[in-house]
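Structure, as structure tokens:
Number of protein chains: 2
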Amino acid sequence: MMKHKLKAYFDKYVNLSDDELELIFEKLEVVQFNKKDFLLTAGAVCNSKYFILEGLIRVYEITSNGNETITQFGVEHWWITNLDSFINKTPSRLSIQALEKTVVFAVTKTNLDYLYRAVPKLERAFRIITENMLIAIQRKDEVYMKKTSKERYFNLVKSIPNFAQRVPQYMIASYLNITPEYLSEIRKNNS
Amino acid sequence: MMKHKLKAYFDKYVNLSDDELELIFEKLEVVQFNKKDFLLTAGAVCNSKYFILEGLIRVYEITSNGNETITQFGVEHWWITNLDSFINKTPSRLSIQALEKTVVFAVTKTNLDYLYRAVPKLERAFRIITENMLIAIQRKDEVYMKKTSKERYFNLVKSIPNFAQRVPQYMIASYLNITPEYLSEIRKNNS
DNA sequence: CGCGACGTTGATTTGCCTCAACGATTGTGG
DNA sequence: CCACAATCGTTGAGGCAAATCAACGTCGCG
């Protein structure tokens, strides 16, 4: 059941009483998205954080020269949002879209700010979660700044189960910052 | 005075009472580093976070093929640490070094964990600070993933005052992930 | 069935690297 | 305080990874 999943997740960071868990649960909304549905469309302000219960999403941007570049994929148990837009209430240049049928907890900024005050332990949990995201992004940067396209590709497909099967190749290429043509060549020479 | 600077900084995030500020101040240490001194050497565990009061530092790594690559610069009012090593107590592959005479507040993990409990508002402050760092690194990634070397260079030098004067070119090149030779060419064609 | 989305292949171009050599500047020991 | 070495920046020749552009095969879906 949903509430149980939430408890199991937060237990990794803090110990919540049943009352605290209940408070949090009341302020979350379970939302289901179908394939190709948008969690956020470019131009809008990102008003929610999403915790992915199941499914797969992508975060992407249409660049000035008109082609889309994917900045992030999200899978089960990841928090996804446009943090910049969420915090600063600025219009998002990024869009967030479901690539499969996806179920999330959505929490609005208003509700989250309320919860931080009502359940101080949540502040701690998100301090730690955010730190972990920072570490993850720094590790990713190490790979993406210093490694070749080939290494980045194999690093990615082995980090998410069945990734190459779940996502079209041109999206993987976009995320890796290489052209679909070149990714095709990489795959040909290594299979 | 040092304590005043600290108060002004945290006031941006939370309102601390004089008592709370005093508690925090007691657990910080003011440390001065001379040019070329190390705040952290590769192989050691990173036991402190550093808040730069004045000066300039670099974070860098010696890669497997023997040359150094700079992953971060830090200037006044930035928090610097190897977060991965700091949190997980793993040996750091990164080194942190002063590029100018640099004065910092240093806070150990033990003291910071103590302070989170003694001053819950600090948890909030660092939740927000960490979120801001995440936003900053995401913005940096946008530039570094999608832009040419030339664009990255001019983006960097205009973001930190006098940066090109304070840091040798080969370090800037390293941070930008280009060779010193190529940076030289970029500069020749655009001045 | 036909159309659009996706992947592949090949020819050409380009951004950036490698290697080597050479000024200019800095700093340090005699 | 000078001399020499080390550090730093520049220039040029040649090479490679990856992009661009264009064309074509294939598959799934309306």
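In order, the protein sequence lines correspond to chains A and B. Using this note's numbering, read the first sequence as starting at 1 and increasing by one per residue. Using this note's numbering, read the second sequence as starting at 1001 and increasing by one per residue. Using N, Cα and C, we set each Cβ at its ideal position, and we do this for glycine too.
Open item on the list: Suppose you measure from the CA of L1112 (chain B) to the CA of L28 (chain A); what does that come to, to the nearest Å?
Closed with: Roughly 31 Å separates the two Cα atoms.
TODO: Please say whether M171 (chain A) and I70 (chain A) have beta carbons closer to each other than 8 Å?
DONE: Yes, the pair counts as a contact, with Cβ atoms nearer than the cut-off.
- [ ] Could you pull the start and end residues of the beta strand (DSSP E) that K49 (chain A) belongs to?
- [x] For K49 (chain A), the enclosing beta strand (DSSP E) stretches over residues S48 to E54.
Task: Per DSSP, the bridge partner or partners of L1040 (chain B) - done: B:I1096.
- [ ] Could you tell me how far apart the beta carbons of T1130 (chain B) and T130 (chain A) are, in whole angstroms, since I believe they sit closer than 8 Å?
- [x] Correct: roughly 4 Å between the Cβ atoms.
- [ ] Select from the segment 1166 to 1184 of chain B all residues with a C-beta closer than 8 Å to any C-beta belonging to chain A, and list them in chain order.
- [x] If the cut-off is 8 Å between Cβ atoms, the segment 1166 to 1184 of chain B has N1177 near chain A.
Open item on the list: I need the boundaries of the beta strand (DSSP E) containing E1029 (chain B), first residue and last residue.
Closed with: Where E1029 (chain B) is concerned, the enclosing beta strand (DSSP E) starts and stops at E1029 to F1033.
Open item on the list: Tell me whether the segment 1159 to 1169 of chain B and the segment 97 to 114 of chain A touch, counting them as touching only if at least three CB pairs, one residue from each stretch, are closer than 8 Å.
Closed with: By the Cβ test, the segment 1159 to 1169 of chain B is not in contact with the segment 97 to 114 of chain A, since fewer than three Cβ pairs between them sit closer than 8 Å.
- [ ] Taking only the alpha-carbon atoms, compute the straight-line gap between V31 (chain A) and R1124 (chain B) and give it to the nearest angstrom.
- [x] A straight-line Cα-Cα distance of about 28 Å links V31 (chain A) and R1124 (chain B).
Task: Through-space distance from M2 (chain A) to M1002 (chain B), alpha-carbon basis - done: CA-to-CA, the gap between M1002 (chain B) and M2 (chain A) works out to about 49 Å.
Task: Spatially closest choice to D37 (chain A) from A:F86, A:R187, A:Q72 and A:A98, by CA coordinates - done: Across the set A:F86, A:R187, A:Q72 and A:A98, the C-alpha of A:A98 shows the shortest separation from the C-alpha of D37 (chain A).
Task: Outcome for R1058 (chain B) when other beta-carbon atoms lying within 10 angstroms are tallied against a minimum of 16 - done: Buried, since its Cβ has 16 or more Cβ neighbours within 10 Å.
- [ ] Would you kindly work out how many angstroms separate the C-alpha atoms of G114 (chain A) and W78 (chain A), rounded to a whole number?
- [x] The amino acid at residue 114 (chain A) is misidentified as Gly; the sequence shows Tyr. Taking the straight line joining both Cα atoms gives about 22 Å.
Task: Start and end residues, beta strand (DSSP E) containing E68 (chain A) - done: Membership of E68 (chain A) in the beta strand (DSSP E) is indicated by the continuous run E68 to V75.
Open item on the list: Quick check on D1084 (chain B) - is its C-beta less than 8 Å from some C-beta in chain A?
Closed with: Yes, D1084 (chain B) counts as interfacial toward chain A.
Open item on the list: Using the three-state DSSP reduction, which class does Y1013 (chain B) fall into: helix, strand or coil?
Closed with: Coil.
Task: chain A contacts made by the segment 1138 to 1164 of chain B, where a contact means CB separation under 9 Å - done: Answer set for the segment 1138 to 1164 of chain B: Q1138, R1139, K1140, D1141, E1142, Y1144, M1145 and K1146.
Open item on the list: So with CB distances below 9 Å, who are the chain B contacts of T135 (chain A)?
Closed with: The question names Thr, but residue 135 (chain A) in the sequence shown is Ile. Near I135 (chain A) (Cβ distances below 9 Å), the residues of chain B are L1083, D1084, I1087 and N1088.
- [ ] Find the nearest neighbour of S1048 (chain B) within the set B:Y1182, B:I1186 and B:K1109, judged by alpha-carbon distance.
- [x] Among B:Y1182, B:I1186 and B:K1109, the Cα nearest to that of S1048 (chain B) is on B:K1109.
Task: Inter-residue Cα distance where the pair is Y1116 (chain B) and Y1153 (chain B) - done: So the alpha carbons of these two residues sit roughly 39 Å apart.
Open item on the list: Which runs of the alpha helix (DSSP H) at least 4 residues long sit entirely within the segment 1128 to 1188 of chain B? Give them in chain order.
Closed with: Runs found: 1149 to 1159, 1163 to 1166, 1169 to 1176 and 1180 to 1188.
Task: Boundaries (first-last residue) of the beta strand (DSSP E) holding T108 (chain A) - done: T108 (chain A) -> beta strand (DSSP E) spans T102 to T108.
Open item on the list: Going by beta-carbon coordinates alone, are I1062 (chain B) and A1042 (chain B) separated by less than 8 Å?
Closed with: Taking 8 Å as the cut-off, the Cβ atoms of I1062 (chain B) and A1042 (chain B) count as close.
Open item on the list: If you follow the alpha helix (DSSP H) that S64 (chain A) is in, where does it begin and where does it stop?
Closed with: In this chain, S64 (chain A) is not harboured by any alpha helix (DSSP H), its DSSP state being neither H nor E.
Task: Closer than 8 Å to chain B by CB, T63 (chain A) - done: Interface residue, yes.
- [ ] Could you pull the start and end residues of the alpha helix (DSSP H) that N88 (chain A) belongs to?
- [x] Taken as a continuous stretch (DSSP letters only), the alpha helix (DSSP H) holding N88 (chain A) covers L83 to N88.
Task: Within 8 Å of chain B by C-beta, residues of the segment 102 to 130 of chain A in sequence order - done: Listed in sequence order: Y116, P120, E123, R124, F126, R127 and T130.
Open item on the list: Taking 8 Å as the threshold (beta carbon to beta carbon), is T1069 (chain B) in contact with chain A?
Closed with: For T1069 (chain B), the answer is yes, since a Cβ of chain A falls inside 8 Å of its Cβ.
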